[in-house]
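In what follows, a single structure is set out as C-alpha cells and then discussed.
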Amino acid sequence: MPAQTGGRGLLRYLPVLPSVLLLVVFLAGPVLWAFHASFTNAGLTGRNARSPQWIGLENYQRLLVDQVFPLSLGLTVLFVLGSAVVGQNLLGLALAVLMRRARRTVSAVVGTAVVAAWVLPEIVAAFAAYAYFSRDGTLNQLLGGLGLDQPDWLYSWPMAAVVLANIWRGTAFSMLVYRAALNDVPTEVSEAAQMDGAGGWQRLAFITLPMIRGSIATNLMLITLQTLAVFTLIWVMTAGGPANASTTLPILAYQEAFKFGDIGYGTAVATVLILIGGVFGAVYIRLLREAKP
Amino acid sequence: MRRPALKTMSLIASALIVLTACTPAAPEDGSKTLKVVYQKTDSFTALETMFQAAKQEFEAANPGVAVELQPIQGNDDDYGTKLALALRSPSTAPDVFYEDTFKVRSDVDAGYLLKLDSHLEGWEDWSKFDDGAKAAGRADDGGTYAVPLGTDTRAIWYNRKVLEAAGISVPWQPRSWQDILDTARKIKANDPSVVPFNMYAGKGTGEGTVMQGFYELLYGTGSTLYDEETKKWVVGSAGFKDSLAFLKTLYDEGLAVTPAQALDANVWKKVFGEWFPKGKLGATVEGSYAPSFWQDGGSYEWPGYEQEMGVAPFPTQDGRAPGAVSMSGGWTLAIGAGTKEPDLAFSFLSTAMNRENSLAFTLDSSQIAVRSDVADDSGYQAGNPFVKDVSELVSVTRYRPATSDYPRISAAVQEATEAVITGAREPEQAAADYDAAVTDIVGGDNTVRK
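Heads up: the sequence lines are chains A and Y, in that order.
Counted from 1, the first sequence has number 195 at position 195 by the working numbering; the numbering is strictly sequential.
Basically the working numbering = 1-based index in the second sequence + 1000.
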C-alpha cells in the first residue's frame, strides 16, 4: 500500500488543482495584495500612485489615533451582533420552529415572503429598504396611520434602520438552514421526551438545540462573515452618515481608499476587517469542533 | 464512475483556464482600436451624443481605425474612482477620456496623462480657446495635459413668483449676506411652507456642499482655503468661522431645508425637480448648468422656467469688492500616458472638440463656452436666457486648489458644515476641529495662520 502513494498520490490531487488555482488567483491574491498595500502609502492618484513607498506600520499607527476608526469598529461589531448573531439567527430559528407546527399554507406563505427578501439582488433590496425607512417612506406612513410618532429613521436612527434592514434581508438563510437541521432531528427522541413530561420549551432547550449545535455554529459562521462584508445596503441607505453614525468598517475602507484616494490606509482598514472575520471564524470553528461527539 | 468523471471535468477546466490565458484579447488583423471612456447618467447624455458624432466622423476619415466608446454610468465621484482605477493599469487605461479639471494636477503627478504640447502646436483651433480655461489643463511643470470642454460658474437661482409673493422686487440682487437673510425671513413670514434659501451643507451632497455653498461664503469674507503664494493651507481664519456662523443662522432659523433633508445625497433632485417648479423654494446656490435640467430633454423638463426663474451673483459678506463670488470647475478631455497611438488619439480628441461638436455639446449641457468661436455663435447666445449672466461671473470666479490632498480637505470642510447645521458643534468649535484635521492631513509645516 505505501508504494502506491507516490505517483498516484500526487495524481489524486489533480482534480482539486483548478479550484486551488482559482482560489489562489482570485481570493488569496487580492487578500495578499491588500495586506501588502496596507504597509505602503499607495494612492489612487497623485505622486503616491506612481511610486508608492513602503512605510511600515504607519497606516496602522494612524488607525490608533483616527477619530472615526474606534467608532467604526464599534458599529461593525454592533451591526454583526445585532443583525446577524441575534437578529437573523434567532428570528430564523424561531421561524423554522414555528413553521414546523404551522399549517402547510401558512408555512408556505411565510416562507415565500421571507425568502423573497433574500433572493432580491442586494442593490434592489437596499433601495427597497431606503424607500421603506426614508422620511416619507412606507414605515412612517404606517406609523402615521396608527397615530404614532414618525421619526426620520435614516437620520435619527441610522444604525437601527440598517440593522433592521439586514435582518429583513438575511433571515431567510438562517431559516432555511434551521429547517433542514430540524428535519434531521429524529422524532422519536422528541416524542420520548414528551412522554417523560418535558414541555415545548424544555424539549427545544434540552433536546432539539443540542442536537443541531453543529448547524447553529455553521450558520453563525456564515451569516457573521456575510454581515461583516455588507456594503451596498448601508451605502445606499445612509452612505455611512449622518456624521459617521453608520460608518462600518467596509464603508470606512471604501471612503479612505476611493473617496480620498488613500489606498494604503484603506487597505489597512480592510486588513483589520479580515482579522475580525478571522477571530469570529476561529470562535465558531471551536464551537463546531466541540459540537461533534 | 463518479471519480473519473470528476477528473475529466477538472482536466477540461484546467485546460480551459490555460487556453483562455493564451487567447489574445483582440483580433490581430491590423486594425487599430481607440478606447474612449466618459461619463453618462440618466440626466447627462450630452457627452454620449458628442462622442457618437465624433466616432462617426473620425471613423469615416480614418479607415481601419475603430473607436470603442465605453461610457461609465455613475455620479461624478463614482466616475472619478472608476476612471482612476482603470488608469492604474496600462491594460485597462483608456486612450482618450473625460477628466475633471480638479483632478488634472494630481493625475499628472500620478503619471496618468500624456503631455499634449507638441500636438497642440499643430492644432489651429487651439488659439480659439480662452486663456483662463487653458490654465485648467496645465500642470505644475508648465505643460498642458488636458483640453477644456467647457466651464461653469455658480450663482443664486431664485423663483421670481415666490419672491414677488413675499413683496420682494425682482430682479433681485442681494448686496451682502444680511440682504440674503432679510429676504429669506420675509419669504418665510409670508409662507412658512416655502423653503426660503437653500445652501447645501454636510457630507451628503459631497463636493456640492463646498462648490455650491461654503466656498461662496468663505471667499466672500476675504479669506481663502489655500494660500497660493506660500503653497500652504489656511487655518484659524475668521472668515471660516463667519461662514459657518452664516450657515448656522440659515439652518437654525429654518430658512434652509431641514438638516435631515440637507444630509440626503438626493436633495438636489428635489431642488430641481420638485421644489422650484412647484414654487416651494425661494432660492438656492447652484451651478450655471441649472437650466440643463429644465430645458427640453432635461431630466426635469419645466416649460416656462425662463419666465419663472431668475439668477443673481452671490454677494460678498458685507458688499466688499468685487461684490460677487463664484466658483468654477469644468471638465476636459485628456489622453492616457500609456496610449499606443498618441497621434490617432489626439486626432480623435480634436475631432470631438471641433467647432461644430463643441457648440452642440455646450448647448446640450448648458456649459459656459471656452472657445471664442462658440461663444460668439448666435445659437450659443440664444441657447438659454441666462447664459449671459452666468458667463459674466467668470470675471470673479475661483478654482479649487487641486492638490492630491484636496479631496480630504474638502471632506473636512463638509464635516465642519455638517457639525454646525446639525447642532453638534458651535461654529467656533467646528472651525477648530477643521484646523486640527487640516494640520493632521498636510502636516503643521504646510499650514499658515491667517
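A virtual CB, placed ideally from N, CA and C, is assigned to each residue, including glycine.
The structure presented is a predicted model; accordingly, all values stated were derived computationally and were not measured.
Per-residue burial, residue i [other beta carbons within 10 Å of its own, 16 or more giving buried]
i                      : result
residue 1092 (chain Y) : exposed
residue 1052 (chain Y) : exposed
residue 46 (chain A)   : buried
residue 10 (chain A)   : exposed
residue 217 (chain A)  : buried
residue 1028 (chain Y) : Any reading at residue 1028 (chain Y) needs caution, since the residue's pLDDT is 45, under 50, leaving its predicted position unreliable; the model's value is listed next. Exposed.
residue 23 (chain A)   : exposed
residue 1199 (chain Y) : buried
residue 284 (chain A)  : buried
residue 206 (chain A)  : exposed
residue 1151 (chain Y) : buried
residue 1261 (chain Y) : buried
residue 26 (chain A)   : exposed
residue 1207 (chain Y) : buried
residue 1327 (chain Y) : buried
residue 1025 (chain Y) : Bear in mind that the predicted position of residue 1025 (chain Y) carries a pLDDT of just 48, short of 50, making it unreliable; the figure below should be weighed with that in mind. Burial call: exposed.
residue 142 (chain A)  : exposed
residue 2 (chain A)    : Only weak support exists for where residue 2 (chain A) lies, its pLDDT of 48 falling under 50; the value from the coordinates is given anyway. Looking at its Cβ environment, which holds fewer than 16 other Cβ atoms inside 10 Å, residue 2 (chain A) is exposed.
residue 1023 (chain Y) : Bear in mind that the predicted position of residue 1023 (chain Y) carries a pLDDT of just 47, short of 50, making it unreliable; the figure below should be weighed with that in mind. Label assigned to residue 1023 (chain Y): exposed.
residue 64 (chain A)   : exposed
residue 20 (chain A)   : exposed
residue 1444 (chain Y) : exposed
residue 1075 (chain Y) : exposed
residue 90 (chain A)   : exposed
residue 1205 (chain Y) : buried
residue 1393 (chain Y) : buried
Span of the alpha helix (DSSP H), counted from its first residue to its last, around residue i
i                      : result
residue 1050 (chain Y) : 1046–1061
residue 1429 (chain Y) : 1427–1442
residue 1149 (chain Y) : Run containing residue 1149 (chain Y): none in the alpha helix (DSSP H); it sits in the beta strand (DSSP E), 1146–1150.
residue 1203 (chain Y) : Premise fails: residue 1203 (chain Y) is in no alpha helix (DSSP H) and is neither H nor E.
residue 1408 (chain Y) : 1406–1421
residue 203 (chain A)  : It is not in any alpha helix (DSSP H) - residue 203 (chain A) carries neither H nor E in the DSSP assignment.
residue 1239 (chain Y) : 1238–1252
residue 1121 (chain Y) : 1117–1121
Supposed contact pair residue j and residue i - C-beta distance, whole angstroms, cut 8 Å
i                      : j                      : result
residue 159 (chain A)  : residue 246 (chain A)  : 5 Å
residue 236 (chain A)  : residue 161 (chain A)  : Contact flag wrong, Cβ pair sits at about 12 Å.
residue 1095 (chain Y) : residue 1035 (chain Y) : 5 Å
residue 1149 (chain Y) : residue 1353 (chain Y) : 7 Å
residue 274 (chain A)  : residue 31 (chain A)   : 7 Å
residue 253 (chain A)  : residue 60 (chain A)   : With 8 Å as the limit, residue 253 (chain A) and residue 60 (chain A) do not qualify as a contact, their Cβ atoms being about 14 Å apart.
residue 281 (chain A)  : residue 225 (chain A)  : 7 Å
Residue j beta carbon less than 8 Å from that of residue i
i                      : j                      : result
residue 1411 (chain Y) : residue 1430 (chain Y) : no
residue 1313 (chain Y) : residue 1386 (chain Y) : no
residue 120 (chain A)  : residue 238 (chain A)  : no
residue 960 (chain Y)  : residue 1368 (chain Y) : The first residue shown for chain Y is 1001 and the last is 1450, placing residue 960 (chain Y) beyond what the model contains.
residue 1233 (chain Y) : residue 1438 (chain Y) : yes
residue 1351 (chain Y) : residue 1124 (chain Y) : no
residue 1190 (chain Y) : residue 1309 (chain Y) : no
residue 118 (chain A)  : residue 82 (chain A)   : no
residue 1031 (chain Y) : residue 1066 (chain Y) : yes
residue 243 (chain A)  : residue 1432 (chain Y) : no
residue 1281 (chain Y) : residue 1194 (chain Y) : yes
Proximal chain C residues relative to residue i, where beta-carbon distance stays under 9 Å
i                      : result
residue 1418 (chain Y) : Any reference to chain C falls outside this structure, whose protein chains are A and Y.
Start and end residues, beta strand (DSSP E) containing residue i
i                      : result
residue 1451 (chain Y) : Because chain Y here runs from 1001 to 1450, residue 1451 (chain Y) falls outside it and cannot be looked at.
residue 1327 (chain Y) : 1324–1327
residue 1097 (chain Y) : 1096–1100
residue 111 (chain A)  : It is not in any beta strand (DSSP E) - residue 111 (chain A) instead sits in the alpha helix (DSSP H) that spans 104–119.
residue 1196 (chain Y) : 1195–1198
residue 1284 (chain Y) : 1281–1287
residue 1232 (chain Y) : 1232–1235
**Asked** Quick one: any contact between the segment 33–40 of chain A and the segment 261–278 of chain A, if contact means 3 or more CB pairs under 8 Å?
**Response** yes
Practice item. For the segment 86–105 of chain A and the segment 126–137 of chain A, state whether three or more C-beta atom pairs, one from each stretch, are separated by less than 8 Å. Key: no
Contact between the segment 251–261 of chain A and the segment 178–185 of chain A (3+ Cβ pairs under 8 Å):
no
Given 8 Å as the limit, is there contact between the segment 1161–1168 of chain Y and the segment 1374–1383 of chain Y, that is, 3 or more CB pairs closer than that?
no
Check your understanding: Below 8 Å, can you find three or more Cβ-Cβ pairs linking the segment 1328–1348 of chain Y to the segment 1138–1146 of chain Y?
Key -> yes
Handout entry: Cβ contact check for the segment 1356–1367 of chain Y and the segment 1039–1057 of chain Y: 3 or more pairs under 8 Å
Key = yes
Does the segment 1097–1115 of chain Y touch the segment 1079–1088 of chain Y, meaning 3 or more C-beta pairs lie closer than 8 Å?
yes
Stretch pair the segment 1297–1304 of chain Y + the segment 1179–1190 of chain Y: three plus CB contacts closer than 8 Å: no
Q.
Three or more C-beta pairs under 8 Å: does that hold for the segment 1418–1432 of chain Y against the segment 1121–1136 of chain Y?
A. no
TODO: For the segment 1218–1238 of chain Y and the segment 1249–1260 of chain Y, state whether three or more C-beta atom pairs, one from each stretch, are separated by less than 8 Å.
DONE: no
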